[in-house]
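Visitor: The following block contains the structure, expressed as structure tokens.
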Amino acid sequence: MIAIRPAVHTDLAALFAYLNDHLADNGKDGTPLFQPMARSESRLPPEKEAGFITGLGTAVGEPGWRRVWLALDDTGAIAGHIDLRARPERPAAHRALLGMGVHRDHRRKGLGVRLIDAAMAWARGEAGIDWIDLEVLSDNRAARDLYTRTGFATVGEIPDMFRIDGEQHAYTFMTRRP
Numbered sequence: 001m002i003a004i005r006p007a008v009h010t011d012l013a014a015l016f017a018y019l020n021d022h023l024a025d026n027g028k029d030g031t032p033l034f035q036p037m038a039r040s041e042s043r044l045p046p047e048k049e050a051g052f053i054t055g056l057g058t059a060v061g062e063p064g065w066r067r068v069w070l071a072l073d074d075t076g077a078i079a080g081h082i083d084l085r086a087r088p089e090r091p092a093a094h095r096a097l098l099g100m101g102v103h104r105d106h107r108r109k110g111l112g113v114r115l116i117d118a119a120m121a122w123a124r125g126e127a128g129i130d131w132i133d134l135e136v137l138s139d140n141r142a143a144r145d146l147y148t149r150t151g152f153a154t155v156g157e158i159p160d161m162f163r164i165d166g167e168q169h170a171y172t173f174m175t176r177r178p
């Protein structure tokens, strides 16, 4: 049984290890690119780690806040995660950006839906967030299908947004109310 719970600061070392392992799959062995970074450089950059560290301690509504939920398997290993974070534009404080991932051993088992449901419940409850936005590489069909199934609507796409490993990649923008 996989349990989902909010992350706390003491979870960050395990989260960063999980994220680096997860990023090792970015564009490898038939997995689509799911982060706009070169396959050879797919690891958590220090500035992203810093964003998690400071964001967890920042009040919701303040610039830079972030909240993370972890899906833990029976052994306590991270099976997936989802995070909501402040948009960088202060006048968009009523919105949040979503990021998520599911460990390779737990994909296509409904965990992504459960993670989205957990984050949405929090956003509409105590956080009072009106909109959840996300950005996804357009070629990542599995992720786009998951987001569509869970109520996200596509609101735009930028063709040739990224050039990664000699390939052009479009970026899709999606949103929904919690």
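Numbered by the UniProt record's numbering, the letters in the sequence shown go through residues 1 to 178 in order.
Glycine included, each C-beta is placed from N, C-alpha and C at the ideal position.
#1: Got a sec? Which residues, its chain only, sit under 6 Å from I2 by beta carbon, not counting five neighbours each side?
#2: Quick check: is the beta carbon of I78 nearer than 8 Å to any beta carbon in chain C?
#3: Is it buried or exposed, N20, if we count other Cβ atoms within 10 angstroms and call 16 or more buried?
#4: Quick check: T175 and S138, are their CB atoms within less than 8 Å of each other?
#5: Would you grab the beta carbon distance between L97 and L134 for me? Rounded to a whole angstrom, and I think it's under 8 Å.
#6: May I ask which residues mark the beginning and end of the alpha helix (DSSP H) holding E135?
#7: Inspect the CB distances between the segment 12-27 and the segment 37-50 and report whether three or more fall short of 8 Å.
#8: Compare the C-alpha of A24 against each of R67, H103 and A119 and name the closest.
#9: Using a 10 Å radius around the Cβ and a threshold of 16 neighbouring Cβ atoms, would you call D165 buried or exposed?
#10: Would the segment 30-46 count as touching the segment 56-67 if we require 3 or more Cβ pairs under 8 Å?
#11: Could you tell me which residues DSSP puts in a beta bridge with F173?
#12: Is DSSP giving E167 helix, strand or coil here?
#13: On a CA-only basis, which of R141, F162, R163 and M120 is nearest T154? Give me that one, please.
#14: Measure from the alpha carbon of R66 to the alpha carbon of each residue in G76, P45, P88 and T75, then state which is nearest.
#15: Beta carbon of R144, beta carbon of P178: below 8 Å?
#16: List the DSSP bridge partners of A96.
#17: I'd like to check one pair, G128 with R85: are the Cβ atoms closer than 8 Å?
Guide: So, to answer that:
#1: If we look at I2 and ignore the five residues flanking it on each side, its Cβ neighbours are A71, D73 and A79.
#2: Absence of chain C from the displayed structure is noted, only one protein chain being present.
#3: exposed
#4: For T175 and S138, no; Cβs fall outside 8 Å.
#5: The beta carbons of L97 and L134 sit about 7 Å from each other, so the pair counts as a contact at 8 Å.
#6: Segment W131 to L137 is the beta strand (DSSP E) holding E135; no alpha helix (DSSP H) there.
#7: yes
#8: H103
#9: Exposed.
#10: no
#11: E135 and G156
#12: strand
#13: R141
#14: P88
#15: no
#16: A86 and I132
#17: no
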